[in-house]
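Asks: Sharing a structure below in structure tokens format, with a few things to ask.
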Amino acid sequence: MVDGVVQRTVAGTPQGGVISPLLANIYLHVLDTELAARGVGELVRYADDGVVLCRGAAQAEHALAAVGEILASLGLRLHPDKTKVVDLRDGCEGLDFLGCHFRARMSGRLWEQRRIVRYYLHRWPSQRAMVRLRDKVRERTGRNRVGTDIRVVIADINPILRGWGNYFRTGNAADKFRQIDWYVTRRLFRLMVKKRGRNLRAGQAGQWTEEWFNGHGLHRLRGTNRYPKAA
Numbered sequence: 003m004v005d006g007v008v009q010r011t012v013a014g015t016p017q018g019g020v021i022s023p024l025l026a027n028i029y030l031h032v033l034d035t036e037l038a039a040r041g042v043g044e045l046v047r048y049a050d051d052g053v054v055l056c057r058g059a060a061q062a063e064h065a066l067a068a069v070g071e072i073l074a075s076l077g078l079r080l081h082p083d084k085t086k087v088v089d090l091r092d093g094c095e096g097l098d099f100l101g102c103h104f105r106a107r108m109s110g111r112l113w114e115q116r117r118i119v120r121y122y123l124h125r126w127p128s129q130r131a132m133v134r135l136r137d138k139v140r141e142r143t144g145r146n147r148v149g150t151d152i153r154v155v156i157a158d159i160n161p162i163l164r165g166w167g168n169y170f171r172t173g174n175a176a177d178k179f180r181q182i183d184w185y186v187t188r189r190l191f192r193l194m195v196k197k198r199g200r201n202l203r204a205g206q207a208g209q210w211t212e213e214w215f216n217g218h219g220l221h222r223l224r225g226t227n228r229y230p231k232a233a
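For the sequence shown, my numbering assigns the number 3 to the initial residue and increments by one for each residue that follows.
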């Protein structure tokens, strides 16, 4: 609106903008109510990302058709590369949603103790989430940080690790957390070697262990995950 006159814009709302989820919820409210009225699965949606939980393949195909039909009435369509039917029952397939990978895992304890085959749905950081975090760590531990005190570098990394860890800690992320810890240690170790350059003394690199970086304040993800009762 300019001087009280509504102006038609040439571009939509920016991706990731604070208004985008609100507008998506308003516009897609029809999808929520109509799909619920049809009784074809349970829709779990955040803005324009969603998963429809179904009891079997037939209901899943029915739900897929219903969602496509409802969206078409709104002038929208499903993204062909991001839309698929996934069977979670036997752990052979999984899906990514809101940065998490969901996949059924057989209970080893029940099998060992009572020879019962039972699957439970687990979740951990998706591959994309892992790559994005590694990219952020790599950006902050590159050659351009050689002249920066290692404690400053660690202080730059810690908020990223804490935020990422807090988001994923209520799940089955222990293995992924260990992988990230190892990656961060390796990046910091390589940075220390570059900082010393030709002045690196024999055996000096051996002191830059995981414990050494921990002593300089590095936040660790290992041991911070919490398993919910339903996980």
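No residue lacks a Cβ here, since even glycine has one placed at the ideal position from N, Cα and C. Owing to the predicted nature of the structure, the values given are computational and were not obtained by experimental measurement.
Among Trp126, Leu135, Ala207 and Phe191, which one has its Cα closest to the Cα of Trp166?
Replies: Taking the first residue of the sequence shown as 1, we reach residue 166 at position 164. Answer by Cα proximity: Leu135.
Asks: From Phe179, Ile156 and Arg200, pick the residue whose C-alpha is nearest to that of Arg189; which is it?
Replies: Here residue 189 corresponds to residue number 187 of the sequence shown, with the count starting at 1. Checked all of Phe179, Ile156 and Arg200; the closest Cα to Arg189 is Ile156.
Asks: Thr85 and Leu55: beta carbons closer than 9 Å?
Replies: Along the sequence shown, read from residue 1 onward, the residue named residue 85 stands at position 83. Along the sequence shown, read from residue 1 onward, the residue named residue 55 stands at position 53. In this structure, Leu55 does not lie closer than 9 Å to Thr85 by Cβ.
Asks: Are Asn174 and Tyr229 close, meaning C-beta to C-beta below 9 Å?
Replies: Start at 1 with the first residue of the sequence shown, and residue 174 comes out as number 172. Start at 1 with the first residue of the sequence shown, and residue 229 comes out as number 227. It is a contact, given that the beta carbons lie within the stated cut-off.
Asks: For Ile28 and Ala207, what's the separation of their Cα atoms in angstroms?
Replies: The count along the sequence shown starts at 1 and reaches residue 28 at position 26. The count along the sequence shown starts at 1 and reaches residue 207 at position 205. Computed Cα separation, rounded: 57 Å.
Asks: Whole angstroms are fine: how far does the CA of Gln181 sit from the CA of Glu212?
Replies: Numbered from its first residue, the sequence shown carries residue 212 at position 210. Numbered from its first residue, the sequence shown carries residue 181 at position 179. The alpha-carbon separation between Glu212 and Gln181 amounts to approximately 13 Å.
Asks: Can you have a look at Arg153 and say buried or exposed, based on whether 16 or more other CB atoms are within 10 angstroms of its CB?
Replies: As a position in the sequence shown, residue 153 is number 151, starting the count at 1. With fewer than 16 neighbouring CB atoms inside 10 Å of its own CB, Arg153 falls in the exposed class.
Asks: In three-state DSSP terms, what is Tyr169?
Replies: Translated into the one-based positions of the sequence shown, residue 169 becomes position 167. Helix at Tyr169.
Asks: Our contact map puts Ala2 next to Val87 with C-beta atoms below 8 Å; I'd like the distance itself, whole angstroms only.
Replies: Here the chain comprises residues numbered 3 to 233, so residue 2 is not present and cannot be evaluated.
Asks: Beta-carbon within less than 7 Å of Leu123's beta-carbon, same chain only, minus the 5 sequence neighbours each way: which residues are those?
Replies: In the sequence shown, residue 123 corresponds to position 121, counting from 1. Result list for Leu123: Leu90, Phe104 and Ala106, in chain order.
Asks: For a quick check, are the C-beta atoms of Phe179 and Arg142 less than 9 Å apart?
Replies: Here residue 179 refers to the residue found at position 177 when the sequence shown is read from its first residue. Here residue 142 refers to the residue found at position 140 when the sequence shown is read from its first residue. Not closer than 9 Å, so no.
Asks: How long is the line joining the alpha carbons of Gly43 and Leu37, rounded to whole angstroms?
Replies: Translated into positions along the sequence shown, residue 43 becomes position 41. Translated into positions along the sequence shown, residue 37 becomes position 35. If I take the Cα positions, the gap works out to 8 Å.
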